[in-house]
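Engineer: Numbering (my numbering), first residue to last: 187 to 725.
C-beta: ideal position from N, C-alpha, C; glycine also.
Computed from a predicted structure; not experimentally measured.
Below is the structure:
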C-alpha cells in the first residue's frame, strides 16, 4: 500500500511497510508535509498483519478521512486523507499510478466514490454543478451572505424542500443567520420557523436528522413541528473547529423543511447534501476566524500599550559600573508577564540587583509585578535596607493583590569592592561561579515568599564576589522550559552552561545560556515567563 501526495509541483509516493509511519512537518517524519497548518507530528499510520490504521497524534487542526474528522480509523484502498485546516490531501492506495495529483482528478475520483452511475447523466451533472458553483463563488468572495445563499439554493433544489435556513452557534443555542424559500426569495429573521426539538437534538448529538417522506414518531408530536406545519425535515450539523477551542464541535445547522414530502433522497443525494453542509462548515470556520482576527487585533493593540507601560518600569539600559559586568534577559509568554528585574544605583559605592517572579501569567501578573517593582524602587531610593524593602513589598501584596497571588524574588546589594548580601524570598536557587577554585556554589532561598503571610519577617545572608566570580539568578520559567519530547531544561543544564562560559564573564554566560535554551526547546512554545540575570566582577 502507498501514501501519495503533492509536494510543491511534484507527485510523491511512499510505500508503507510493517510498523509505524509518521506524517507531519518535522523533517524526521517518514512523510513530510510542508504546510503551516499541519502539526509537526500530525498523524501516524500503523501497519500490522495487512491492516493499516491511521491515528491523529493530537494535532492542532485535525485529521480527516473521506471528509470525516477522526482520531483513529482503519484505512481502506482509495481512502482520501486530509490534514489540518487547509485539508492537505493524501491518497491511501494500492496503485500509486491512480494519483494524478491535480484537483480535477481528485474530484473525479470523489464522484466515482459516490457511485454516479446510479443516476442519469444530466441529473448527475446538475448535482455536481451545485457543488462547483458554490466552490467558484466561494473562491471569489468571502461574504457570508453570498456563500450561504449559494448553499441554501443548492440544498433547496436537491431536496425539494420549501424552506431552508442556516443557524449559527450563539453561546449554548443556535440563532438565525440566513433563510430562503424554494422560489429563491429570502426569508427574514422574523419569518424564521423551525423545529426546536430537531435543532436541539442535532446540536447536542452532532448527527443529522433526515425525514423527507414522513416524520419519526419521536418528533411528529412536538409542538414546534405542529406549529410550523412541517411534514418533512432535514437537519444537518455544520461541524468545524471553533476559534476558542481545539476540538471539532457543531458551529451551526443547515435546516430544511416542507409542508409536503420532499424528494426521496438517494445515497448520492444525501452525500451531496452532506457535502454542502461541510462547505457551510468551512464558511463558518473562516468567518469565525475573521471575527477572531479582528478581536485579536484590538486585544493586541491594548496589550502593546500594556507592554509599553511595563517596559517603562524595566531598566531602559543596564548601568555601567566600574569593575562590574551586568547582564539580563527577559521574555514573557505573552506581550506582558509576571517576571521583572532591575539594577538600582544606591550610592557611589554600591548598587542593588533584583529579579522577581509573580505567580501566574499575562496582564494580571504584569500589574502585580509593576506594583511590587514600584514598591521595591521606592524603598531602595529611600535608602531602606533590603529587609525593610521586602517587608514593605509583603505588606502591599497583602493589602492590594488577590489572596492567590504571591511573589518570589532574589535581591542582592553589592559594594564596589565586592562585599555584599542577598535576600531570596522563596525564589529559585541562585548560583555563584567562583573563579579561583572553578566551582559553583548554591544560594538557596533564605526567606518565605512575598505576599503569603502577614507575620513574615525577612533576613539577609552575606554574599561577596571576588574578581572573576559570576552570580546567576533566574525565574523558574528557565528550568521548566520543555523540548518537543516534554523534557524540562532543568538545573543540570544551567550548571553545564555555567561551567562552559562563566569564566568568561556575565555576558558570556548569559549568551551561552540563552543559546543552550533555544537549542533545547526548538520549536516548542514557551509555557512560562523566562527572566535571567547575571552579575560578575571583572578580573
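1) In whole angstroms, what separates the C-alpha of residue 206 from that of residue 229?
2) Given a cut-off of 7 Å on the beta-carbon distance, is the pair residue 618 and residue 587 in contact?
3) Contact between the region 596 to 603 and the region 696 to 707 is defined here as three or more beta-carbon pairs at a separation below 8 Å; is this criterion met?
4) For residue 366, list the residues DSSP reports as bridge partners.
5) When you compare only the Cα positions, how much space is there between residue 365 and residue 443?
6) May I have the straight-line CA-CA distance separating residue 193 from residue 236, to the nearest angstrom?
7) Could you tell me the alpha carbon to alpha carbon distance between residue 216 and residue 467, rounded to whole angstroms?
8) So within the region 218 to 281, which uninterrupted beta strand (DSSP E) runs reach at least 3 residues, ignoring any that extend past its ends?
9) If you draw a straight line from the alpha carbon of residue 138 to that of residue 621, how long is it in whole angstroms?
10) Run through DSSP, which three-state label would residue 200 get?
11) What separation, rounded to the nearest whole angstrom, lies between the Cα atoms of residue 797 and residue 665?
12) Comparing alpha-carbon positions, which option in 225, 260, 238 lies nearest residue 247?
13) For residue 192, which residues does DSSP report across the bridge?
14) Could you work out which residue in 659, 637, 254 is closest to residue 628 when comparing CA atoms only?
15) Could you tell me the alpha carbon to alpha carbon distance between residue 507 and residue 687, rounded to whole angstroms?
16) Let me know if residue 359 comes out buried or exposed under the rule of 16 or more other beta-carbons within 10 Å of its beta-carbon.
17) If we call anything under 7 Å between Cβ atoms a contact, is residue 634 one with residue 606?
18) Going by DSSP, what residues sit across from residue 526 in a beta bridge?
19) Using only alpha-carbon positions, find the residue among 537, 584, 563, 461 that is nearest to residue 642.
20) Can you give the Cα-Cα distance for residue 354 and residue 667, rounded to whole angstroms?
21) Taking the continuous beta strand (DSSP E) assigned at residue 516, which residues delimit it?
Structural biologist: On the basis of the data shown:
1) 10 Å
2) no
3) no
4) 350, 372
5) 12 Å
6) 27 Å
7) 31 Å
8) 229 to 234, 237 to 242, 249 to 251, 254 to 256, 258 to 260, 266 to 269, 274 to 279
9) Since the first residue shown for the chain is 187 and the last is 725, residue 138 is missing from the structure and cannot be characterised.
10) strand
11) No information on residue 797 is available, as it lies outside the stretch 187 to 725 that the chain covers here.
12) 225
13) 197
14) 659
15) 21 Å
16) exposed
17) no
18) 542
19) 584
20) 40 Å
21) 510 to 517
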